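For reference, the structure discussed in these notes is given below.
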Amino acid sequence: MTYKLFLDDIRDVNMVYKKLTNNDFVVVRNFHDFKKVILEKGLPELISFDNDLGLDENDNIAKDVLCLRQMAGL
Numbered sequence: 074m075t076y077k078l079f080l081d082d083i084r085d086v087n088m089v090y091k092k093l094t095n096n097d098f099v100v101v102r103n104f105h106d107f108k109k110v111i112l113e114k115g116l117p118e119l120i121s122f123d124n125d126l127g128l129d130e131n132d133n134i135a136k137d138v139l140c141l142r143q144m145a146g147l
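Residue 124 in the working numbering is what sits at position 51 of the sequence shown, and the numbering runs on without skipping anything.
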């Protein structure tokens, strides 16, 4: 089963992609759910990442981003 994955803590799909809705993606709001969906469904055909993903409240690289980088092999 192919699917698209949308990771954003605030926005909905139609706020980023005007002609699409949350029904067009599996929407996740945090890294825990992001990882859970991938482990359950396998890799998606497309991942849409939050545009401000990366820094925590202290402007340090967020733990979630470090985990994503590790998953990607970067």
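All C-beta atoms in this analysis are idealised placements derived from N, C-alpha and C, irrespective of residue type, glycine included.
Note that the coordinates shown come from a computational prediction; the quantities given were computed from them, not determined experimentally.
- Taking 8 Å as the upper bound for CB-CB distance, Phe98 and Lys77 are in contact here, some 5 Å apart.
- Contact between Val110 and Val101 holds, since their C-beta atoms are separated by about 6 Å, short of 8 Å.
- Note on Asp81: 16 or more other CB atoms within 10 angstroms of its CB, so buried under the neighbour-count rule.
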